Amino acid sequence: MSNLEASYNLILDNLREISEIENFYFKPIKPKLSDIELISLIILAEFKSIDSEHQLFRDIKGFEIEPKIDRSVYNRRKRKLFPFIEEIRMKMVDKLNESENYFVVDSMPLEICKLSRSSRSRICKDVDYAYPNKRFCASQNLHFYGYKLHAVCSISGVFQSFDISPASVHDIHYLQDIKLQISDCVLLGDKGYLSQTIQLDLFNEVNIELETPKRKNQKDYKPQFYQFKKYRKRIETLFSQLCDQFMIRRNYAKTFEGFKTRILAKITTLTTIQFLNRFIFDRNINNLKINLV
């Protein structure tokens, strides 16, 4: 058995324990490859940085699963499994972040094409509510065209929740969604999340204490607690890992549904490796550049 197939079997065995269901939605004809096996294949491809479906099906040639799935239906089924992949991810997150009280919020740019092509690009323009647009990212000194990835992670480095918005949406609007996802905790953000109104709203409604550094020209300015600064770097490291190992900025999707499914697959893969590191191998959960077997 090859290393690739052994890794696939390890991922599949653990996902079966987590989900306890093989197929998630009704199909007129029962497929040879179950939904949980397909999700394991998606995670394997992202873990091995195989971004091309053509390359993936070349690599699994000779595997037991090879005759069970055709490349023509792989992507269609992958998109349909979006809510169920997120459900599996949340089950892992609930175990990993079980005793966490401190979280970090931040965003990163997701470029779908170069600015020079933006005026004629048709990528992700199939739905009216999610048109990509232009924005300037101050932290990277970058003008880009596409979306923003907004995310909340624990200080141990596990993504609790995330969302995608057009690039022009300000970071602070994501805090309205956070109220539905977490409560009774301390949330650390950068100066982009400064808002006394939002701060009071979060505290009064869901008991979230929003901690952001003050600007030097603000009244009663004092430097942010050193440990909070250190915690905030955790999410920046995660974003770097998504860019480096999981190539989150490389986009082959043509529709918004395909784009958001790719993003979810990469974040779910990162969470799966963290889950295996903690509960199977008993090692540092953020040691991602490893062989599973």
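With UniProt numbering applied, the sequence shown corresponds to residues 1 to 293, in that order.
Backbone N, C-alpha and C define an ideal beta-carbon position, used for all residues, glycine too.
Treat the numbers as computed from the prediction; the structure is a model and nothing was measured.
Which listed residue (the options) has its alpha carbon closest to that of residue i
i: PHE279; options: ALA130, LEU15, LEU194, TYR147; result: LEU15
i: GLU53; options: ASP184, LEU41, PHE63; result: LEU41
i: LEU276; options: GLY192, ASN291, VAL105; result: ASN291
i: LYS260; options: LEU270, THR271, ILE248; result: ILE248
i: LYS80; options: TYR25, LYS191, ASN251; result: TYR25
i: CYS113; options: ILE85, TYR145, PHE84; result: TYR145
C-alpha distance - residue i paired with residue j, whole-angstrom precision
i: SER154; j: ASN97; result: 7 angstroms
i: PHE82; j: ASP220; result: 46 angstroms
i: HIS230; j: PHE47; result: It is worth fixing the name first, because residue 230 is Lys in this sequence and not His. When rounded, the distance between both Cα atoms is 28 angstroms.
i: SER7; j: LEU44; result: 7 angstroms
i: ASN207; j: LYS68; result: 49 angstroms
i: ARG76; j: TYR226; result: 48 angstroms
i: PRO109; j: ARG234; result: 17 angstroms
i: ARG283; j: THR271; result: 14 angstroms
i: LEU288; j: THR269; result: 10 angstroms
i: GLN241; j: ASN141; result: 20 angstroms
i: SER156; j: ASP94; result: 13 angstroms
i: SER99; j: GLY189; result: 20 angstroms
i: residue 295; j: ASN3; result: For the chain, the structure presents residues 1 to 293; residue 295 sits outside this window and is missing.
i: SER116; j: PHE136; result: 15 angstroms
i: LEU238; j: ARG120; result: 33 angstroms
i: LYS191; j: PHE281; result: 38 angstroms
Anticipated Cβ contact below 8 angstroms, residue i with residue j, distance rounded
i: ILE164; j: LEU149; result: 6 angstroms
i: LYS179; j: GLU205; result: 6 angstroms
i: GLN274; j: VAL105; result: With 8 angstroms as the limit, GLN274 and VAL105 do not qualify as a contact, their Cβ atoms being about 19 angstroms apart.
i: TYR102; j: VAL186; result: 5 angstroms
i: GLU111; j: LEU264; result: Wrong, their Cβ atoms sit about 18 angstroms apart, outside the cutoff.
i: VAL293; j: LEU56; result: Actually they do not touch by this definition, with Cβ atoms about 19 angstroms apart.
Buried versus exposed, by CB contacts within 10 Å (16 or more), residue i
i: GLU22; result: exposed
i: GLU17; result: exposed
i: LYS30; result: exposed
i: VAL73; result: exposed
i: CYS243; result: exposed
i: ARG232; result: buried
i: ASN251; result: buried
i: SER107; result: buried
i: ARG58; result: exposed
i: LEU12; result: buried
i: LEU200; result: exposed
Residues near residue i in its chain [Cβ-Cβ closer than 7 angstroms; skip 5 each side]
i: LYS125; result: TYR131
i: VAL127; result: PHE256
i: SER5; result: The displayed chain sequence assigns Glu, not Ser, to residue 5. Cβ neighbours of GLU5 beyond the five flanking positions: PHE63.
i: SER195; result: ILE172
i: SER19; result: ILE36, ILE88
i: LEU33; result: ILE65, LYS68, ILE69
i: LEU175; result: TYR193, ILE198, LEU202
i: SER118; result: LYS134, TYR145
i: VAL169; result: LYS148
i: ILE123; result: ILE112, CYS113, LYS254
Nonlocal neighbours in the same chain, by C-beta distance under 8 angstroms from residue i, ignoring five residues either side
i: ASN217; result: none
i: ARG182; result: It should be pointed out that residue 182 corresponds to Ile in this sequence rather than to Arg. Once the five neighbours on either side are set aside, the close Cβ partners of ILE182 are PHE103, VAL152, GLN160, SER161, VAL206, ILE208.
i: LYS222; result: LYS214
i: SER49; result: GLN245, PHE246, MET247
Close-in-space but distant-in-sequence residues of the same chain around residue i (CB under 6 angstroms, 5 per side omitted)
i: ILE285; result: GLN274, ASN277, ARG278
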